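In the working numbering, the protein residues as written are 9 to 572.
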């Protein structure tokens, strides 16, 4: 017995000895005086506010060099974490867009406010799991608080609604379609998705809608695509015809996904009219189910901030035509309270949060149970029985970071409703200024394709000098000559964009815009490309807009002169 006891004691003694190298490992986790993020960033870029990107983007040669440098696994731990961060910043952050810069008008990203950045970073550093309150502590309250705030903004009873933070706008659509299918076909959670379904989406919908159909196993071939009107809202007559045909053919329509602020035009569909159409179809065909209405409002949700804004007093001093546009958008988007579900991206536009920061809203919380594969999800591994809240019962993600919900709450508390109103109002107003300045120039070779869009993106088409006089062909002709004309202009535009990128934009000299190769169809059906000006920075002002217009016209003239 004594030998066994001695062996036991010896083993315990051995097990109690620290293994080698732990000191070096622990140094990598210490809370210490690492330099602040702004200080480190200023080392790689002097003018963080005005340049559109951090300089030093790789080329064909340096890409291979950087890959060779970093695609190795070091044997020893780093002796200087700050130096390591500095090296990676210097080498790999080249070419990163700076969303705070008013010269970055590239796409619908978002500048991150300081409070959200701090909360998101702290949540990452502490590695908070938003699975249940046993793993998240009080941080899980942030998700519920933001859901309540957004419900109240939309005049949805927060006692009956629910929301889940998820990995992006794509996921908000994924949730909505999954929920709709399971609600109509509860057995699909066990047996899989039936073959007799069609999902209605819109012509101007984000490509993630088809992505969702693919990932859910519905299949992209089962999408009913509703045509767009000239203003890029969805055509109700086309929707009715296609839905009727599908129902008559024996298909079921679990969900109709409508626009709640498209990427290119921020177009919001008439939600009420789609609900009336849905209700009439249910009544006419005596359907034993009700198709869900999901509003893809991941951009358009921001107009909800104008709830209770006194448009008569207009305390922010917003220009009158801009004010009218804002009110019309708000009057449209507030109808999300009549939909079944809708989406929010805090990492786009005025949302002011790090990516990803998306929230799917479900107006009737009891329907969320259809997201579970059965009524009694076994999550014993998570010690769910000792937790007050456990959203993971219903969410796609079982690894749920807390940062997104905390960042969204931080943005809401930091900016306030008035801050959001001012930010959005400024972006819309300055897009109106951009369009007016272009119109004032009376250039026949420059056209605004979405001049009546109520949003904060402007799509511009430019024409070769020798073809500009014929541009009306794109809105009136449909023969082969019209198609050929559109294709020629597209080639010209792409060449101009490459020219401006190589000679100016890659050096961060002024505004950086982007190019969309297939914006909208011409009358012939051929897709028209467009230059996209999409300012989202809170620092944008009239000076930057004037400069952007001057640069565009000057660069076009330079390009045309070089190609005569």
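Virtual Cβ for every residue (Gly too), placed ideally from N, Cα, C. Small disclaimer: the values here were computed from a predicted structure and weren't measured.
### Query
If you drop the 5 nearest sequence neighbours on each side, which residues of the same chain put their C-beta closer than 6 Å to that of residue 182?
As a working note, residue 182 is residue 174 in the chain shown. Counting only Cβ-Cβ distances below 6 Å, and skipping sequence neighbours, we find 220.
### Query
Who are the near neighbours of residue 144 in its chain, counting only those whose CB is closer than 7 Å to its CB and skipping five residues on each side?
Counting from one through the chain shown, the residue named residue 144 turns up at place 136. Result list for residue 144: 136, 137, 138, 410, in chain order.
### Query
If you count every other CB in all the chains shown that lies within 10 Å of the CB of residue 70, and 16 or more means buried, which is it?
Taking the first residue of the chain shown as 1, we reach residue 70 at position 62. Exposed, because fewer than 16 other Cβ atoms sit within 10 Å of the Cβ of residue 70.
### Query
What are the uninterrupted segments assigned as alpha helix (DSSP H) that are 4 or more residues long and contained completely in the region 457-541, given in chain order?
If we require 4 residues or more, the alpha helix (DSSP H) runs fully inside the region 457-541 come out as 481-484, 488-511.
### Task
Sort 250, 289, 463, 316 by Cα distance to residue 211 and report the nearest one.
Translated into the one-based positions of the chain shown, residue 211 becomes position 203. For residue 211, the nearest C-alpha among the options comes from 250.
### Query
Can you tell which of 206, 509, 418 has its C-alpha closest to the C-alpha of residue 230?
Looking up residue 230 in the chain shown gives position 222. When only C-alpha atoms are compared, the closest one is 206.
### Query
If we call anything under 8 Å between Cβ atoms a contact, is residue 188 one with residue 263?
Taking the chain shown and counting its residues from 1, the one referred to as residue 188 is at position 180. Taking the chain shown and counting its residues from 1, the one referred to as residue 263 is at position 255. Cβ atoms of residue 188 and residue 263: closer than 8 Å.
#### Entry: residue 353 vs residue 380 beta-carbon contact at 8 Å
As a position in the chain shown, residue 353 is number 345, starting the count at 1. As a position in the chain shown, residue 380 is number 372, starting the count at 1. No.
### Task
Just the C-alpha distance for residue 208 and residue 56, rounded to the nearest angstrom, thanks.
The count along the chain shown starts at 1 and reaches residue 208 at position 200. The count along the chain shown starts at 1 and reaches residue 56 at position 48. Near 44 Å, if we compare the C-alpha coordinates of residue 56 and residue 208.
### Task
Give the DSSP bridge partners of residue 260, in chain order.
Taking the first residue of the chain shown as position 1, residue 260 is located at position 252. Partner(s): 205.
### Query
Is it true that the region 344-362 meets the region 160-179, where meeting means three or more beta-carbon pairs spaced less than 8 Å apart?
yes
### Message
For residue 142, report the span of its alpha helix (DSSP H) as first-last.
### Response
In the chain shown, counting from the first residue as 1, residue 142 sits at position 134. Residues 141-144.
### Query
Out of curiosity, what's the CA-to-CA distance linking residue 68 and residue 100?
Taking the chain shown and counting its residues from 1, one reaches residue 68 at position 60. Taking the chain shown and counting its residues from 1, one reaches residue 100 at position 92. When rounded, the distance between both Cα atoms is 14 Å.
### Task
To the nearest angstrom, report how far apart residue 243 and residue 266 are at their CA atoms.
In the chain shown, the residue the question calls residue 243 occupies position 235. In the chain shown, the residue the question calls residue 266 occupies position 258. Straight-line Cα distance between these residues: approximately 11 Å.
#### Entry: CB-CB length for residue 530 against residue 490, believed under 8 Å
The residue given as residue 530 occupies position 522 in the chain shown. The residue given as residue 490 occupies position 482 in the chain shown. Between residue 490 and residue 530 the Cβ distance is about 7 Å, and since that is below 8 Å, they are a contact.
### Query
How is residue 350 classed by DSSP in three states: helix, strand or coil?
The residue you call residue 350 lines up with position 342 of the chain shown. Three-state result, residue 350: strand.
### DSSP state of residue 238 mapped onto helix, strand, coil
Taking the chain shown and counting its residues from 1, one reaches residue 238 at position 230. It is coil, neither helix nor strand.
### Query
Since residue 301 is in the beta strand (DSSP E), which residue starts that stretch and which ends it?
Here residue 301 refers to the residue found at position 293 when the chain shown is read from its first residue. Note, residue 301: beta strand (DSSP E), 300-304.
### Task
Name the residue from 501, 154, 325, 127 whose alpha carbon lies nearest to the alpha carbon of residue 571.
Start at 1 with the first residue of the chain shown, and residue 571 comes out as number 563. Nearest C-alpha to residue 571: 501.
### Task
With residue 370 as the anchor, note down where its beta strand (DSSP E) starts and where it stops.
The sequence position of residue 370 within the chain shown is 362, counting from 1. 366-370 is the span of the beta strand (DSSP E), which, as asked, contains residue 370.
### Message
Distance check for residue 466 and residue 58, CA to CA, integer angstroms please.
### Response
Within the chain shown, residue 58 is the residue found at index 50, counting from 1. Within the chain shown, residue 466 is the residue found at index 458, counting from 1. Whole-angstrom Cα-Cα distance: 21 Å.
### Task
Give the secondary structure of residue 314 by DSSP, where H, G and I count as helix, E and B as strand, and everything else as coil.
Position 306 of the chain shown, counting from 1, holds the residue named residue 314. It is helical.
### Query
Grouping DSSP H, G and I as helix and E and B as strand, with all else coil, what is residue 433?
Residue numbering aside, residue 433 sits at position 425 when the chain shown is read from its first letter. Residue 433: helix per DSSP, three-state reduction.
#### Entry: Contact under 8 Å by Cβ, residue 378 with residue 184
By 1-based counting over the chain shown, the position of residue 378 is 370. By 1-based counting over the chain shown, the position of residue 184 is 176. Result no, Cβ atoms of residue 378 and residue 184 do not sit closer than 8 Å.
### Test item: CB-CB of residue 356 and residue 436 under 8 Å
Position 348 of the chain shown, counting from 1, holds the residue named residue 356. Position 428 of the chain shown, counting from 1, holds the residue named residue 436. No.
### Query
With distances taken between CB atoms, is the gap from residue 111 to residue 520 smaller than 8 Å?
In the chain shown, residue 111 corresponds to position 103, counting from 1. In the chain shown, residue 520 corresponds to position 512, counting from 1. Yes, Cβ-Cβ distance for residue 111 and residue 520 is below 8 Å.
#### Entry: Reference residue 591; option with closest CA among 360, 348, 560, 367
Nothing can be reported for residue 591: it is not among the residues displayed for the chain, which extend from 9 to 572.
### Message
Taking the beta carbon of residue 477 as the centre, do at least 16 other beta carbons fall within 10 Å, making it buried, or is it exposed?
### Response
Against the chain shown, residue 477 aligns to sequence position 469. The residue is exposed, with fewer than 16 neighbouring Cβ atoms inside 10 Å.
### Task
Pull up the CB-CB distance for residue 296 and residue 241, whole angstroms please, since I reckon it's below 8 Å.
The residue labelled residue 296 in the question sits at position 288 within the chain shown. The residue labelled residue 241 in the question sits at position 233 within the chain shown. Their Cβ separation, rounded to whole angstroms, is 31 Å, which puts residue 296 and residue 241 out of contact at 8 Å.
### Message
Classify residue 329: buried if its beta carbon has 16 or more other beta carbons within 10 angstroms, exposed otherwise.
### Response
Within the chain shown, the letter at position 321 stands for residue 329. Exposed: under 16 other Cβ atoms inside 10 Å.
### Sub-8 Å separation of residue 432 and residue 513 beta-carbons
As a first step, residue 432 is located in the chain shown; it is residue number 424 there, counting from the start. As a first step, residue 513 is located in the chain shown; it is residue number 505 there, counting from the start. Taking 8 Å as the cut-off, the beta carbon of residue 432 is found no closer than this to the beta carbon of residue 513.
### Pick from 253, 318, 247 that is closest to residue 282, judged by C-alpha positions
Here residue 282 refers to the residue found at position 274 when the chain shown is read from its first residue. If we check each option's Cα against that of residue 282, 247 comes out closest.
### Message
Nearest by alpha-carbon distance to residue 60: which of 407, 542, 175, 438 is it?
### Response
The sequence position of residue 60 within the chain shown is 52, counting from 1. Checked all of 407, 542, 175, 438; the closest Cα to residue 60 is 542.
### Task
Mind reading off the beta-carbon distance from residue 368 to residue 172? Whole number of angstroms is fine, and I expect it under 8 Å.
Taking the chain shown and counting its residues from 1, the one referred to as residue 368 is at position 360. Taking the chain shown and counting its residues from 1, the one referred to as residue 172 is at position 164. Their Cβ separation, rounded to whole angstroms, is 6 Å, which keeps residue 368 and residue 172 in contact under 8 Å.
### Query
With DSSP run on the structure shown, which of helix, strand or coil describes residue 389?
As a first step, residue 389 must be located in the chain shown, where it is residue number 381. Residue placement at residue 389 is poorly supported in this model, since its pLDDT is 34, which falls under 50; the coordinates still yield a value, given next. Helix, per DSSP.
### Message
For residue 64, which residues in the same chain have their Cβ closer than 6 Å to its Cβ, ignoring the five residues on either side in sequence?
### Response
For this step, residue 64 is matched to residue 56 along the chain shown. Correct list, in chain order: 102.
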